[in-house]
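Heads up, the thing below is written out as structure tokens.
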Amino acid sequence: MKNKIEIKNGIVCKTYAPRMDYVKEENLYRKLKGSGLAPELIDSHDGYLEHEYVEGECFLDLLLAAEKDEEQLEQYLKLFFIWYEKYRELSKMTLGKLRFEKFILSDNRLVNLDFEQCKPGYAEDDFARIVAQICLYKEPFSKGNIEIARFFIYAGAKYFEWMPDLLYVKIPKAIIEESRSRGIPVHEKKMEILATLLTSAGIVLAGGDNPLDKVVEYFKTLPRRIISIPDGYNASVEAFDKFERLYTSSEGVLKRIVEAQRDVNQTWTLCITSSMPKIPPVLWDALLSAEKSECAAVVVEANGKLREFPLLMNTGKTRLELQKAVEEGKTSLIDVLSKMPIVVIKLEDLKTR
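Here it is as structure tokens:
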């Protein structure tokens with residue numbers, strides 16, 4: 011049996027089939043009463059509940075419509091993370107099997123209309139489910155959907171603290187669950203690309219004549235963004251952390267990466283240099299979608315030689331080893347990485363794709 015919902019005289023009337031649904035939702039409405047996060051509870055007794063009827067626009071539709079307006083998009087997402095932080099404070103619960111379409115915006119008030127699936131758990135569970143629903147909404151894995159999902163995590167990192175390692179594990183599970191619920195084939199490659207992007211810090215080693223604003227374009231919505239700038243190099247990129255000092259040629263890139271990576275807490279560290287040619291999408295996809303559960307880094311090989319960049323490293327598995335190498339006076343990044351378990355992407359293989 012399903013719960014019965016009717017609207018009478020501007021009031022939502024719900025009659026619950028399973029009593030547990032009633033107990034859980036009634037308890038949540040009482041905890042949230044007066045907060046503005048949910049429709050106001052009017053009456054409840056013996057499996058029956060009444061709350062105010064709230065009209066508004068579907069929040070998920072508003073996010074997708076604002077894809078090209080980053081300022082508006084960030085304002086919307088700020089509303090959500092303020093809502094979510096207050097919700098967690100009052101309820102001590104996750105939203106469970108939430109439907110992001112059930113969030114509406116009514117006169118600048120964000121309201122969730124469904125609390126039946128709330129349960130104890132991690133915030134990362136909710137964020138992973140939201141990412142999955144954004145990516146698979148209407149046009150599964152469309153460029154617009156993926157950019158909104160990236161922006162969701164990028165903006166969220168400013169307002170809410172979570173565990174990237176846990177989020178990295180949760181995102182694929184949420185995408186698989188959402189794909190099955192919508193009857194959509196699971197796209198393993200796109201799923202891994204997304205999970206990696208949303209839990210990566212980007213390090214750009216600046217230098218050379220290439221315009222820096224073009225080089226950092228791919229990194230601008232990573233949850234953490236860092237630029238290593240040699241002394242005397244003029245550069246300022248908004249929303250990037252900056253490390254600036256005099257680097258000698260003998261120090262090379264290894265020391266610069268160690269310094270930039272020092273306080274990174276993201277699962278992955280993605281490194282490029284501003285002096286290299288533009289990286290084609292097929293190479294980005296190969297780096298990010300590589301099977302890397304047991305590896306310390308994904309390295310590119312060209313003409314039989316391992317290249318320093320672009321480079322994807324497992325932060326936890328490489329940080330201490332790289333620091334130790336610098337302390338021992340080593341300067342070759344590739345020599346240090348070669349002694350760890352790595353995945354090698356051969357450029358020659360990509361040309362046949």
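Residue numbers for the sequence shown follow our numbering, beginning at 11 and rising by one.
The beta-carbon is built from N, C-alpha and C at its ideal position, and this holds for glycine as well.
Fair warning: this is a prediction, and the values are worked out from it, not measured in the lab.
Please return the same chain residues whose Cβ sits closer than 6 Å to the Cβ of residue i, not counting the five positions on each side in sequence.
i, result
"leucine 316", "Val309 and Ile344"
"serine 299", "Lys199, Glu202 and Ile203"
"isoleucine 140", "Phe110"
"leucine 59", "Lys24 and Glu36"
"tyrosine 97", "Leu47"
"isoleucine 163", "Leu208 and Pro233"
"aspartate 251", "Ile236"
"leucine 89", "Leu120"
What are the partner residues of residue i, as DSSP defines its beta bridges?
i, result
"methionine 323", "Thr279 and Ala307"
"leucine 115", "Glu67 and Leu120"
"leucine 365", "Here the chain comprises residues numbered 11 to 363, so residue 365 is not present and cannot be evaluated."
"glutamate 16", "Cys23"
"lysine 340", "DSSP output for lysine 340 lists no bridge partner at all."
"phenylalanine 253", "Ser238"
"threonine 104", "Lys129"
For the alpha helix (DSSP H) that residue i lies in, which residues bound it at each end?
i, result
"valine 292", "291-299"
"valine 346", "343-348"
"glutamate 62", "Per DSSP, glutamate 62 belongs to no alpha helix (DSSP H); it is in the beta strand (DSSP E), 58-62."
"lysine 356", "Taken as a continuous stretch (DSSP letters only), lysine 356 belongs to no alpha helix (DSSP H), being part of the beta strand (DSSP E) at 352-356."
"tyrosine 3", "One cannot answer for residue 3 here, as it falls past the ends of the chain, which runs 11 to 363."
"phenylalanine 137", "133-146"
"glycine 166", "153-169"
"aspartate 31", "29-42"
"glycine 8", "Past the edges of the chain, shown from 11 to 363, lies residue 8, and the structure says nothing about it."
"glutamine 266", "Sequence inspection shows arginine at residue 266; the glutamine mentioned does not correspond to that position. Here the alpha helix (DSSP H) through arginine 266 covers 262-271."
Leaving out five residues on either side along the sequence, give the residues of the same chain with a beta carbon under 8 Å from the beta carbon of residue i.
i, result
"lysine 1", "Absent from the model: residue 1. The displayed extent of the chain is 11 to 363, so no value can be given."
"serine 101", "Leu38, Lys41, Leu42 and Cys128"
"leucine 83", "Leu73, Ala76, Glu77, Ile158, Phe161 and Ala165"
"isoleucine 17", "Cys23 and Tyr63"
"proline 174", "Thr209, Pro233, Asn275, Gln276 and Thr277"
Taking residue i as part of the beta strand (DSSP E), name the residues at either end of that continuous run.
i, result
"glycine 212", "210-215"
Would residue i count as contacting chain C if we go by Cβ distances under 8 Å?
i, result
"glutamate 126", "The chain labelled as chain C is not found in the depicted structure, where only one protein chain is given."
Measuring CB to CB, does residue i end up less than 8 Å from residue j?
i, j, result
"phenylalanine 125", "glutamate 35", "yes"
"isoleucine 239", "alanine 211", "no"
"leucine 215", "arginine 266", "yes"
"leucine 47", "asparagine 122", "yes"
"threonine 283", "threonine 325", "no"
"leucine 360", "valine 292", "yes"
"alanine 133", "tryptophan 172", "yes"
"valine 354", "glutamate 311", "yes"
"phenylalanine 113", "phenylalanine 170", "no"
"arginine 192", "leucine 120", "no"
"valine 33", "serine 116", "no"
"isoleucine 213", "glutamine 271", "yes"
"valine 274", "valine 247", "no"
"alanine 184", "alanine 138", "yes"
"serine 285", "glycine 218", "yes"
"leucine 330", "valine 268", "no"
"isoleucine 352", "alanine 307", "yes"
"isoleucine 186", "valine 196", "yes"
Return the chain-ordered list of same chain residues with a C-beta closer than 7 Å to the C-beta of residue i, the five sequence neighbours on each side being excluded.
i, result
"aspartate 136", "Thr104, Leu105 and Leu108"
"glycine 131", "Thr104"
"proline 290", "none"
"phenylalanine 319", "Cys281, Ile282, Thr283 and Met286"
> Hey, which unbroken runs of the alpha helix (DSSP H) at 4 residues or more fall wholly within the segment 187-251?
Replying inline: 198-207 and 222-225
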